[in-house]
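Take 190 as the starting number for the sequence shown in the numbering used here and just add one per residue.
Note that CB positions come from ideal geometry on N, CA and C, so glycine has one too.
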Amino acid sequence: MAKVVKFGGSSLADANQFRKVADIIRSDKERRYVVPSAPGKRFSDDTKVTDMLYKCYDDVCGGANAVAAFLPIADRYNGIISDLGLTISLDREYEEITDNFTKRVGRDYAASRGEYLNGIILANYLGFNFVDAAKGIFFKANGEFDAELTDATLASILEGYDCAVIPGFYGANPDGSIRTFSRGGSDFTGSVVAKAIGAELYENWTDVPGFAIADPRIVKNPKFIDVITYRELRELSYMGATVLHQDAIFPVRNAKIPINIKNTNDPSAKGTMIVPEAPEGKNEHIITGIAGKKNFSAVAIEKDEMNGEIGFLRRILTLMDVEKINFEHIPTGIDTMTLIVDTDDLKKHPNFAERVKEVSNPNHIEIEDHLALIAVVGRGMKATKGTATRIFAALSHANINIKMIDQGSSELNIIIGIHEDDFDEAIRVIYNMFMLQE
Ligand code: ASP
């Protein structure tokens with residue numbers, strides 16, 4: 190059996206962190222396939238290598254000399270190599286990279302070199318094989334990730350290696366050029382590798398103890414989630430909980446491979462386990478997590494006898510489709526409906542209200558900005574009465590006005606719309622209601 194282990198940037202920020210990573214890998218011989226990020230921040234106002242690469246490439250495109258611009262990046266890698274006492278030299282790679290920068294091969298290529306170089310160093314330090322992600326992770330011509338080709342190719346490559354390091358964050362386009370996933374995408378690579386080798390477990394090592402029930406920047410010392418299902422996680426990460434890239438569950442989901450979020454700086458702690466199905470028995474907590482996002486707008490549409498008008502909703506949705514505006518929620522009343530949309534998205538369509546009038550002839554239309562959405566997620570809700578009451582009571586005691594309520598059809602999620610100014614307080618009072626009183 191094998192485990193795939195992905196280490197985030199802060200876990201590989203310097204030689205000291207590399208040593209911790211190697212200890213973790215060596216302490217379990219099933220940890221055979223390793224996916225590294227690029228070196229992250231060593232201290233709070235440090236710069237991640239990925240950001241240095243983007244800037245370096247932009248500077249070169251703006252006329253800077255590639256070799257000179259690349260020096261601070263080479264210094265970071267050389268520092269890690271020498272502090273670890275390794276004898277490899279990456280000079281040849283630096284030369285190739287700076288040549289390619291001068292040829293302006295692209296920003297994605299530039300950013301991907303962070304993981305690529307880190308992967309070479311880590312493979313050398315561990316005595317593992319290095320497998321370039323461009324050889325086994327592929328995109329289609331339209332830019333979509335090519336899951337089938339990747340799965341088949343990676344599986345056959347990795348079959349040949351007992352132990353390997355596969356850099357995160359990038360793969361190849363059909364023409365061989367490099368494309369990256371979105372930021373934080375090494376999580377996705379780890380998941381893809383886990384799927385390809387049929388891993389028993391995907392360990393995602395980071396610098397926090399796991400998923401916090403609520404954002405620690407808002408709730409002081411929140412509890413951490415022990416076990417969360419894929420579906421709960423999807424709801425929470427979509428609604429802004431970070432820690433894991435929001436797409437990272439997709440490759441492992443069908444294969445039912447669990448993901449364990451672990452802390453490189455405290456390896457014996459259990460972390461958060463992300464599992465396909467809810468474990469048997471009663472949940473420890475009714476709610477699993479709380480997350481939220483700001484910057485939404487509500488487009489409220491009112492029309493007499495809307496409810497009896499066949500095709501009303503269809504006309505509005507067709508308009509959204511034509512205008513390419515994504516909606517988050519559509520709460521409806523008898524003669525009213527509200528579209529909850531991303532404010533930035535809406536701002537790109539200043540004539541939207543006019544267009545709604547054209548297609549639906551409403552009595553009244555009004556747009557309200559500064560809305561925040563908070564999702565209270567928990568598989569325990571289904572079996573527990575009074576969850577909504579407790580959420581509303583908490584908000585009402587805090588004098589927070591609720592502007593929208595949406596309970597997901599799965600009874601896994603209650604979403605509340607409030608004014609942005611109430612965002613932090615709302616999360617705190619909901620957290621306290623469930624975590625301090627259970
Ligand atoms: N290094 C990339 C980033 O900073 C990808 C990753 O770390 O997952 O976004």
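**Prompt:** Quick one, are the C-beta atoms of isoleucine 604 and alanine 564 less than 8 Å apart?
**Reply:** One-based indexing of the sequence shown puts residue 604 at position 415. One-based indexing of the sequence shown puts residue 564 at position 375. It is a contact, given that the beta carbons lie within the stated cut-off.
**Item:** Beta-carbon contacts of lysine 445 that lie in its chain and below 7 Å, excluding the five residues immediately before and after
**Value:** Translated into positions along the sequence shown, residue 445 becomes position 256. So the list reads Pro465, once near-sequence residues are dropped.
**tyrosine 391 and aspartate 297 closer than 8 Å at C-beta** = Locating residue 391 in the sequence shown gives position 202, counting from the first residue. Locating residue 297 in the sequence shown gives position 108, counting from the first residue. No, the Cβ-Cβ distance between tyrosine 391 and aspartate 297 is not below 8 Å.
**Buried or exposed (CB count within 10 angstroms, at least 16 for buried), histidine 434** = Position 245 of the sequence shown holds residue 434. The residue in question, histidine 434, is buried, as its Cβ has 16 or more Cβ neighbours within 10 Å.
**Message:** I need the boundaries of the beta strand (DSSP E) containing lysine 482, first residue and last residue.
**Reply:** Against the sequence shown, residue 482 aligns to sequence position 293. DSSP places lysine 482 inside the beta strand (DSSP E), whose first and last residues are 478-491.
**Request:** Answer yes or no: the CB of arginine 372 versus the heavy atoms of ligand 3, is any distance below 7 Å?
**Result:** In the structure shown, ligand 3 is absent; the only ligands present are ligand 1.
**Prompt:** What did DSSP end up calling valine 354 once you bin it into helix, strand or coil?
**Reply:** Numbered from 1 along the sequence shown, position 165 holds the residue referred to as residue 354. Valine 354 falls in the strand class under three-state DSSP.
**Item:** CB of alanine 299 within 8 Å of CB of leucine 260, strictly
**Value:** Here residue 299 is taken as the residue at index 110 of the sequence shown, counted from 1. Here residue 260 is taken as the residue at index 71 of the sequence shown, counted from 1. Their beta carbons are not under 8 Å apart, which means alanine 299 does not touch leucine 260 by this criterion.
**Cβ separation of threonine 573 and isoleucine 475, assumed to be a contact under 8 Å, to the nearest whole Å** = Position 384 of the sequence shown, counted from the start, is the residue given in the question as residue 573. Position 286 of the sequence shown, counted from the start, is the residue given in the question as residue 475. Confirmed, about 5 Å.
**Request:** Within 10 angstroms of the Cβ of aspartate 376, are there 16 or more other Cβ atoms? Answer buried if so, exposed if not.
**Result:** Position 187 of the sequence shown, counted from the first residue, corresponds to residue 376. Under this definition aspartate 376 is a buried residue.
**Asked** What runs of the alpha helix (DSSP H), each 4 residues or longer, lie entirely inside the segment 390-432?
**Response** 419-427
**Asked** Taking C-alpha atoms, which residue in Met428, Lys244, Gly460 and Tyr419 lies nearest to arginine 442?
**Response** Looking up residue 442 in the sequence shown gives position 253. Answer by Cα proximity: Tyr419.
**Asked** Exposed or buried, asparagine 393, counting other C-beta atoms within 10 Å across all chains shown (16 or more means buried)?
**Response** The count along the sequence shown starts at 1 and reaches residue 393 at position 204. Counting Cβ neighbours within 10 Å, asparagine 393 comes out buried, since at least 16 surround it.
**Request:** Please confirm whether any heavy atom of ligand 1 lies closer than 7 Å to the CB of aspartate 176.
**Result:** Since the first residue of the chain shown is 190 and the last is 627, residue 176 is not available in this structure.
**Request:** Give me whichever residues DSSP pairs with arginine 368 in a beta bridge.
**Result:** Here residue 368 corresponds to residue number 179 of the sequence shown, with the count starting at 1. According to DSSP, arginine 368 bridges with Gly360.
**Item:** Cβ-Cβ distance between alanine 388 and valine 193 below 8 Å
**Value:** Here residue 388 refers to the residue found at position 199 of the sequence shown. Here residue 193 refers to the residue found at position 4 of the sequence shown. Yes, they are a contact pair.
**Item:** Buried or exposed (CB count within 10 angstroms, at least 16 for buried), glycine 569
**Value:** Here the question's residue 569 lines up with position 380 in the sequence shown. With 16 or more Cβ atoms within 10 Å of its Cβ, glycine 569 is classed as buried.
**Prompt:** Using a Cβ-Cβ cut-off of 6 Å (strictly less than) and excluding sequence neighbours within five positions of glycine 593, which residues of its own chain qualify?
**Reply:** One-based indexing of the sequence shown puts residue 593 at position 404. The residue asked about is misnamed: residue 593 is methionine in this sequence, not glycine. Result list for methionine 593: Pro520 and Gly606, in chain order.
**Prompt:** To the nearest angstrom, how far is it from the Cα of valine 256 to the Cα of threonine 339?
**Reply:** Mapped onto the sequence shown, residue 256 falls at position 67. Mapped onto the sequence shown, residue 339 falls at position 150. Each residue's Cα considered, the two are about 34 Å apart.
**Prompt:** Does the distance from the C-beta atom of methionine 428 to that of leucine 584 stay below 8 Å?
**Reply:** The residue given as residue 428 occupies position 239 in the sequence shown. The residue given as residue 584 occupies position 395 in the sequence shown. Result no, Cβ atoms of methionine 428 and leucine 584 do not sit closer than 8 Å.
**Message:** Closer than 7 Å to a non-hydrogen atom of ligand 1 - does that hold for the CB of lysine 237?
**Reply:** Sequence index remark: in the sequence shown, residue 237 carries index 48 (1-based). Within the cutoff, so yes.
**Item:** Whole-angstrom distance between valine 381 and asparagine 452, CA atom to CA atom
**Value:** For this step, residue 452 is matched to residue 263 along the sequence shown. For this step, residue 381 is matched to residue 192 along the sequence shown. If you take the alpha carbons of asparagine 452 and valine 381, they lie about 21 Å apart.
**Distance between arginine 231 and isoleucine 269 (C-alpha atoms, nearest Å)** = Start at 1 with the first residue of the sequence shown, and residue 269 comes out as number 80. Start at 1 with the first residue of the sequence shown, and residue 231 comes out as number 42. Counting only the Cα atoms, arginine 231 lies some 12 Å from isoleucine 269.
**Prompt:** To the nearest angstrom, how far is it from the Cα of glutamate 424 to the Cα of isoleucine 490?
**Reply:** Indexing the sequence shown from 1 puts residue 424 at position 235. Indexing the sequence shown from 1 puts residue 490 at position 301. Approximately 27 Å, taken between the alpha carbons.
**Asked** If you scan the segment 262-312 from start to end, which runs of the alpha helix (DSSP H) of 4 or more residues do you find wholly inside it?
**Response** 280-291
**Asked** alanine 509 lies in the alpha helix (DSSP H); which residues open and close that run?
**Response** Translated into the one-based positions of the sequence shown, residue 509 becomes position 320. One detail in the question is off: residue 509 reads as methionine in this sequence, not alanine. Methionine 509 -> alpha helix (DSSP H) spans 501-512.
**Message:** Looking at the strands, I want to know which residues DSSP matches up with valine 178.
**Reply:** No information on residue 178 is available, as it lies outside the stretch 190 to 627 that the chain covers here.
**Any 3 or more C-beta pairs closer than 8 Å across the segment 218-226 and the segment 351-358** = yes
**Asked** Skipping 5 residues on each side, what residues in its chain have a beta carbon closer than 7 Å to that of isoleucine 484?
**Response** The residue labelled residue 484 in the question sits at position 295 within the sequence shown. The sequence as given places asparagine at residue 484; isoleucine does not occur at that position. So the qualifying residues of the chain are Asp531, Thr532 and Asp533.
**Request:** With glycine 606 as the anchor, note down where its beta strand (DSSP E) starts and where it stops.
**Result:** Sequence index remark: in the sequence shown, residue 606 carries index 417 (1-based). Element bounds for glycine 606: 602-608.
**Asked** Any contact of the segment 363-378 with the segment 397-415, i.e. 3+ C-beta pairs under 8 Å?
**Response** no
**Asked** Can you pull the DSSP bridge partners for histidine 518?
**Response** Here residue 518 is taken as the residue at index 329 of the sequence shown, counted from 1. BP columns for histidine 518 point to Ile529.
**Prompt:** Could you give the distance in angstroms between the alpha-carbon of aspartate 335 and the alpha-carbon of valine 408?
**Reply:** Within the sequence shown, numbered from 1, the residue matching residue 335 stands at position 146. Within the sequence shown, numbered from 1, the residue matching residue 408 stands at position 219. Taking the straight line from one Cα to the other gives about 39 Å.
**Item:** Nearest residue (CA-CA) to serine 278, options Leu306, Phe501, Ser598 and Thr287
**Value:** What you label residue 278 is simply residue 89 of the sequence shown in a count that begins at 1. That would be Leu306, whose Cα lies nearest to the Cα of serine 278.
**Asked** Do glycine 295 and serine 366 have their CB atoms nearer than 8 Å?
**Response** In the sequence shown, residue 295 corresponds to position 106, counting from 1. In the sequence shown, residue 366 corresponds to position 177, counting from 1. It is a contact, given that the beta carbons lie within the stated cut-off.
**Prompt:** Considering only the beta carbon of each residue, do serine 549 and arginine 504 sit closer than 8 Å?
**Reply:** Reading the sequence shown from its first residue, position 360 is the one you call residue 549. Reading the sequence shown from its first residue, position 315 is the one you call residue 504. Their beta carbons are under 8 Å apart, which means serine 549 touches arginine 504 by this criterion.
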